[in-house]
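Following: one structure in structure tokens, then a few remarks.
In my numbering, the protein residues as written are 6 to 150.
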């Protein structure tokens, strides 16, 4: 598709549509909605110039690769009612050195973004538990095609 930007039309809104609760009429700006933190999972980690790669886990996972910095970003969604363990096989890459840093946003409650527990490589794959109703991002360092 050649996507080149993230566009969100309602950054501020008094209902549940906006990224941040607000009331433009009286200039009140409140707290971020969970969708604010979900958008961060994509926009903070998938940066301009990265290449979006195909995945067998579509539409649940987006892969983005930056060959110059040797970083692979995986953003995955668990829309289910219970935690799910996923395994990512990175054997199609010539080098997978790590480390891996992970962040999670649980869409219930505040939806705040937080760094997740350590994720370890096992050869060229890794597994992680994805909380229910959440989005997780994994940044894998030292990756080459």
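Idealized CB from N, CA, C, for every residue including glycine.
Quick caveat: nothing in here was measured; it's all calculated off a predicted structure.
Run of the beta strand (DSSP E) containing residue 64, from where it starts to where it stops: No beta strand (DSSP E) holds residue 64; DSSP gives it neither H nor E.
Stretch-stretch touch, CB-based, cutoff 8 angstroms, three pairs: the segment 131-146 with the segment 91-107: yes
CB-CB length for residue 48 against residue 11, believed under 8 angstroms: 5 angstroms
Ranges of the beta strand (DSSP E) found wholly within the segment 115-140, counting only runs of at least 3: 118-120, 130-135
Residue 44, enclosing beta strand (DSSP E) - first and last residue: No beta strand (DSSP E) contains residue 44, which is instead part of the alpha helix (DSSP H) from 39-48.
Any 3 or more C-beta pairs closer than 8 angstroms across the segment 118-126 and the segment 69-81: no
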